[in-house]
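Enquirer:
2 protein chains.
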Amino acid sequence: MTKNEKILLGHGSGGKLSHDLIHDLFFRYFNNEFLNKQTDSAVLPVDSGLVSFTTDSFVVDPLFFPGGNIGKLAICGTVNDLAVSGAVPKFISTGFIIEEGLPFKDLEEIVRSMAEEAARAGVIIVTGDTKVVNREKCDKVFINTSGIGILEPRFRHIGTGEGICPGDKIIINGSVGDHGMAVLAARNDLNIRGEIKSDCASLNGLIQKILSATDGVKFMRDPTRGGVATVLSELATGKPYGIMTDEAKIPVNRQVRAFCELLGFDPMYVANEGKVIIVSDPLAAGDILKIMQEDPLGKEASIIGEVSGEYHGKAWMKTGIGGNRILDMLAGEQLPRIC
Amino acid sequence: MTKNEKILLGHGSGGKLSHDLIHDLFFRYFNNEFLNKQTDSAVLPVDSGLVSFTTDSFVVDPLFFPGGNIGKLAICGTVNDLAVSGAVPKFISTGFIIEEGLPFKDLEEIVRSMAEEAARAGVIIVTGDTKVVNREKCDKVFINTSGIGILEPRFRHIGTGEGICPGDKIIINGSVGDHGMAVLAARNDLNIRGEIKSDCASLNGLIQKILSATDGVKFMRDPTRGGVATVLSELATGKPYGIMTDEAKIPVNRQVRAFCELLGFDPMYVANEGKVIIVSDPLAAGDILKIMQEDPLGKEASIIGEVSGEYHGKAWMKTGIGGNRILDMLAGEQLPRIC
Chain A
1 MTKNEKILLG HGSGGKLSHD LIHDLFFRYF NNEFLNKQTD SAVLPVDSGL VSFTTDSFVV
61 DPLFFPGGNI GKLAICGTVN DLAVSGAVPK FISTGFIIEE GLPFKDLEEI VRSMAEEAAR
121 AGVIIVTGDT KVVNREKCDK VFINTSGIGI LEPRFRHIGT GEGICPGDKI IINGSVGDHG
181 MAVLAARNDL NIRGEIKSDC ASLNGLIQKI LSATDGVKFM RDPTRGGVAT VLSELATGKP
241 YGIMTDEAKI PVNRQVRAFC ELLGFDPMYV ANEGKVIIVS DPLAAGDILK IMQEDPLGKE
301 ASIIGEVSGE YHGKAWMKTG IGGNRILDML AGEQLPRIC
Chain B
340 MTKNEKILLG HGSGGKLSHD LIHDLFFRYF NNEFLNKQTD SAVLPVDSGL VSFTTDSFVV
400 DPLFFPGGNI GKLAICGTVN DLAVSGAVPK FISTGFIIEE GLPFKDLEEI VRSMAEEAAR
460 AGVIIVTGDT KVVNREKCDK VFINTSGIGI LEPRFRHIGT GEGICPGDKI IINGSVGDHG
520 MAVLAARNDL NIRGEIKSDC ASLNGLIQKI LSATDGVKFM RDPTRGGVAT VLSELATGKP
580 YGIMTDEAKI PVNRQVRAFC ELLGFDPMYV ANEGKVIIVS DPLAAGDILK IMQEDPLGKE
640 ASIIGEVSGE YHGKAWMKTG IGGNRILDML AGEQLPRIC
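So the protein lines, in turn, are chains A and B. So the first sequence is numbered by the numbering used here: it starts at 1 and just counts up by one. So the second sequence is numbered by the numbering used here: it starts at 340 and just counts up by one.
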C-alpha cells in the first residue's frame, strides 16, 4: 500500500487491494483481538442487560482543523452519544467512504487519530467497511462510526429525561460554540485563521466520574449540530415544564464570541463536540459542578439555568440586556458540514 | 416536508428541518418502540452471551436497479453479514449522507423499501443519523447500516471457519453474479437493459432453517464484492487445506453468463447480494442442500466443490474444458460501486 500514494478505486473492490489496505492500515492501527479475526461481523461478549446502540456519519469540511480531524471527531462523537445515554462505551464500528485519489498520508493520519482517540476513550474498533467512489462523487472521505455501550438499568432514564421536574439545574461543562467556529475558521475560502480550537473530546471519562459520585443526574445530551439552544428547545417541547437559562452564565470563549459577532452567528446555535448538558437534581448540582471543574474537560463548567414550572414547552434565555428571548430550534442550516 | 420537493442543506442541520424530516419520513416508516424514544442512542435488551456487530456503507450507482434499490440492499447486506456469522439479526442503525437536491420522492421510496425489507427480515431499525452535503459533494445518497445480532455460543466457529477439514462440502444457494450484472445493466451509460435481476435478499430466514436442522455447518460467508472466487481464495489462504470447485456445478443464469461473456467478466468474481456459501460436514451436506432447494431463496442450490487435503492455501476450479485454474483474489477493481 505504501507504494501507492493515493487511494484507488481498487482499494474498495473487496479484492487484493482492499485486503492490503485493511491489513496495512486498519489492522495495523486498530489492532485488537476482535478485529483481527477478520470476519465481516465482530463477535463480542455482552453481559445480560441493556446495551446502547448509536450511529453517526461524519462529513466535516475541512478534514483537518485546529483541535482535531474527521477521524478524532468520529470517535469522540460516537463515544459521547453513548456516554450521554448513561452507558459505558465499549465497541465501535467504522465505515469509510473514500474519494478516489485521496492521498494515502491523509487517510493514515485520520486512521492514526482514530486509534489514538479510541485508546484514550477506552473503546475498541471491532469491525469496519471501506468503499471507494469515483473522483468528485464524494468529498475526500466520509466516516460512519456506530457504537455499542453497556447501560446499567439504573441509568436508563438519562437518555430520555423522564423524571425531570421544576427546580432541576442545567449544567454545562464549558464554553459553547468552539467546534463550529474552529471548523469555519479553518475553511480556506474564509481565509480567517484565529486561535479558535475545536473542543472535540471524548467525555465518557468525565461522565463516568459524575455517575459514580451521584444519583442526581436526570438527563444528559451532547449539544452538537444545532447547539445548546436546539437541545434545550427539544428537551422542553411538549413537556409540562419550561427551561430558563441565563446568558451571563453561559461560557463563551472570547475569540468565539468575537468571530460569532463578526459573522452574525449565535453561539447558542453553534455545534460543540466536547460538551455535555446535564439536567440534575438541585441537591446534586454542586457536586456535579465540582467534579467537572476538577477535570481538564470541565474547568469552565457552569450552572446555566434551571427547569421552571412556567413557560411550559419552551426554552428561554435571560439576555444580557435584561430581556427574555425564546430559544427555538434552528430553522434552516446555519453551518453546513461542521461534523 | 412534503411541501419541499427536494432535500435541502437544512435537512441535515440538526434543527427544525432535520426534526421534521426525521418525524415525517424516518419515524413514519421505521416506527418502533426503540426509535420512537428519539434519543441519540437506542437502548436495547440483550440476553447474556455473545453479540455479532457489523457495519457496511452502500454507495451503489444507480440507486434503483432491477430487483432492488440502495435501501433494500443496505438492509439485506447487513442482515446477511450478521446471519452468516451464525447470529440472529436483531437491531439495525441507518446513517444517511444525502446530496442537497435529492428528490424527496426518491428518498421516500428508498426509506419505504428499507422498512419493507426490515419487516420481512424481522429486524428493527432502532437508531439513525442524517447528514446533507452540498451539491456535487456526494452522489445522490450513501447509506451506512450497522447491525447487532444475537449469537448462540455453539455457532461461534461459523464466522471464522475453525474446524474446516478435508472432505467438507462447499454449498451455494443459487446462481452467481446476478447482482453485479443487474447493476451494471441498469447503468444508463451502458444502454443495455436485459432481464437480469439482482438477487438482493435477506437470507437470515433460510440460514436459521439450516442451523436449526443440523450441527454440520462449519463456515458461512456471503460472496458480495469480489464474488465467490474471492471468498474461497480468502478462506484457503494460509490454511493447511485447499479448495477444489467444479465449474460445471456452479449455477450461472443464462443472461448473466451471456452478459459476462460479452463484457469480459468472470461470474465467479461478480458480486452477489442474496447468496451464501456454506462449508459443511459431508454428512450434513445433503440435508442442507435439500433445505435450500425447498426454499424460494435456494431453489438452484448446488454443492459446488469440497475442501481438499491437497492444494494447501489455494482455491482451484476444474474448468469446463478439462483443466484446473486457480481462483485468486480480485487484483484491481472489476465493477466499482455495485454495493
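Note that the Cβ used here is the ideal one computed from N, Cα and C, for glycine as well.
Round the Cβ separation of Ser52 (chain A) and Gly434 (chain B) to the nearest angstrom and send it over; I've been treating them as touching at under 8 Å.
Expert: Going by Cβ atoms, the distance from Ser52 (chain A) to Gly434 (chain B) rounds to 16 Å, so no, they are not a contact pair.
Enquirer: Helix, strand or coil for Pro267 (chain A) per DSSP?
Expert: helix
Enquirer: Tell me whether Met212 (chain A) is buried or exposed, calling it buried when 16 or more other Cβ atoms sit within 10 Å of its Cβ.
Expert: Strictly speaking, residue 212 (chain A) in this sequence is Ser, with Met absent from that position. With fewer than 16 other Cβ atoms within 10 Å, it is exposed.
Enquirer: Based on the DSSP output, what are the partners of Asp585 (chain B) in its beta bridges?
Expert: B:Lys657
Enquirer: Output, in chain order, the set of chain B residues within a Cβ distance shorter than 8 Å of Asn36 (chain A).
Expert: Result: empty, since nearest Cβ-Cβ is about 11 Å, beyond 8 Å.
Enquirer: Please identify the residue among A:Ile288, A:Leu297, A:Gly226 and A:Val270 whose C-alpha is closest to the C-alpha of Met329 (chain A).
Expert: A:Gly226
Enquirer: Taking the alpha helix (DSSP H) that Asp106 (chain A) falls in, what are its first and last residues?
Expert: Phe104 to Ala121
Enquirer: Identify the contact partners of Thr394 (chain B) in chain A, using a Cβ-Cβ distance below 8 Å as the criterion.
Expert: Ser93, Thr94, Gly95, Thr127, Gly128, Asp129, Asn144 and Ser146
Enquirer: What are the residues of the stretch 487 to 517 of chain B that lie near chain A, defined by any Cβ-Cβ distance shorter than 8 Å?
Expert: Ile487, Gly488, Leu490, Arg495, Gly498 and Thr499
Enquirer: Hey, Gly149 (chain A) and Lys90 (chain A) are a contact pair by Cβ (cut 8 Å); roughly how many whole angstroms apart?
Expert: Between the beta-carbon of Gly149 (chain A) and that of Lys90 (chain A) there is about 6 Å, and that keeps the pair under the 8 Å contact cut.
Enquirer: In chain A, what lies closer than 8 Å to Thr563 (chain B) by C-beta?
Expert: Gly14
Enquirer: Which stretch, first to last residue, makes up the alpha helix (DSSP H) that contains Ser212 (chain A)?
Expert: Here the alpha helix (DSSP H) through Ser212 (chain A) covers Asn204 to Ala213.
Enquirer: Tell me whether Lys131 (chain A) sits in a helix, a strand or coil according to DSSP, three-state version.
Expert: strand
Enquirer: Return no unless some Cβ of chain B is closer than 8 Å to the Cβ of Cys138 (chain A).
Expert: yes
Enquirer: What residues in the stretch 378 to 394 of chain B have a beta carbon less than 9 Å from any beta carbon of chain A?
Expert: Look at the stretch 378 to 394 of chain B: the residues with a C-beta under 9 Å from a C-beta of chain A are Thr378, Asp379, Ser380, Ala381, Val382, Leu383, Pro384, Val385, Asp386, Ser387, Gly388, Leu389, Val390, Ser391, Phe392, Thr393 and Thr394.
Enquirer: From the DSSP output, in three-state form, read off Asn80 (chain A) for me.
Expert: Helix.
Enquirer: Given a limit of 7 Å on CB to CB distance, which residues of the stretch 192 to 220 of chain A reach chain B?
Expert: none
Enquirer: Put Pro428 (chain B) into one of helix, strand or coil per three-state DSSP.
Expert: In the structure shown, the three-state DSSP call for Pro428 (chain B) is strand.
Enquirer: Check whether the Cβ atoms of Ile250 (chain A) and Val176 (chain A) sit closer than 8 Å, and answer yes or no.
Expert: yes
Enquirer: Taking 8 Å as the threshold (C-beta atoms), are Val60 (chain A) and Val183 (chain A) in contact?
Expert: yes
Enquirer: Quick one, which of B:Leu666, B:Ala610 and B:Met583 has its alpha-carbon nearest Arg676 (chain B)'s?
Expert: B:Ala610
Enquirer: Looking at the strands, I want to know which residues DSSP matches up with Asn663 (chain B).
Expert: B:Lys657
Enquirer: Have a look at A:Arg257, A:Ile22 and A:Glu247 and flag the residue whose alpha-carbon is nearest the alpha-carbon of Asp129 (chain A).
Expert: A:Ile22
Enquirer: Roughly how far, in whole angstroms, is the beta-carbon of Gly652 (chain B) from the beta-carbon of Thr569 (chain B), given that I think they are within contact range, below 8 Å?
Expert: Wrong, their Cβ atoms sit about 15 Å apart, outside the cutoff.
Enquirer: In this structure, what does DSSP give as the bridge partners for Leu389 (chain B)?
Expert: A:Pro45 and B:Leu490
Enquirer: I'd like to check one pair, Thr55 (chain A) with Asn144 (chain A): are the Cβ atoms closer than 8 Å?
Expert: yes
Enquirer: Taking the beta carbon of Ile665 (chain B) as the centre, do at least 16 other beta carbons fall within 10 Å, making it buried, or is it exposed?
Expert: Classification of Ile665 (chain B): exposed, given that the 10 Å Cβ count is below 16.
Enquirer: Going by alpha carbons, who is nearest to Met292 (chain A) out of A:Lys239, A:Asp81, A:Glu109 and A:Leu203?
Expert: A:Leu203
Enquirer: Okay, do the stretch 161 to 171 of chain A and the stretch 286 to 305 of chain A touch, 3+ Cβ pairs below 8 Å being the bar?
Expert: yes
Enquirer: What's the C-alpha gap between Gln673 (chain B) and Phe604 (chain B)?
Expert: 8 Å
Enquirer: With distances taken between CB atoms, is the gap from Glu501 (chain B) to Arg474 (chain B) smaller than 8 Å?
Expert: no
Enquirer: Taking 6 Å as the limit between beta carbons, can you name the residues of its chain near Val618 (chain B), skipping five residues before and five after?
Expert: Its chain contains Ile503, Asp507, Ile509, Lys557 and Phe558 as the residues whose beta carbon lies nearer than 6 Å to that of Val618 (chain B), once the 5 sequence neighbours on both sides are disregarded; these appear in chain order.
Enquirer: For a contact defined as C-beta to C-beta under 8 Å, what are the partners of Pro336 (chain A) on chain B?
Expert: Residues of chain B passing the Cβ test: Leu348, Gly351, Ser352, Val471, Val472 and Asn473.
Enquirer: Should Phe91 (chain A) be counted as a contact of the ligand ATP given a C-beta to heavy atom distance under 7 Å?
Expert: Within the structure as shown, the ligand ATP is missing, as the structure has no ligands at all.
Enquirer: Going along the chain, which residues of its own chain have a beta-carbon closer than 7 Å to the beta-carbon of Pro606 (chain B), five neighbours each way excluded?
Expert: Val515, Gly516, Val591, Val595, Arg596 and Cys599
Enquirer: Residues of the stretch 276 to 309 of chain A with a CB closer than 7 Å to any CB of chain B: list them in chain order, please.
Expert: none
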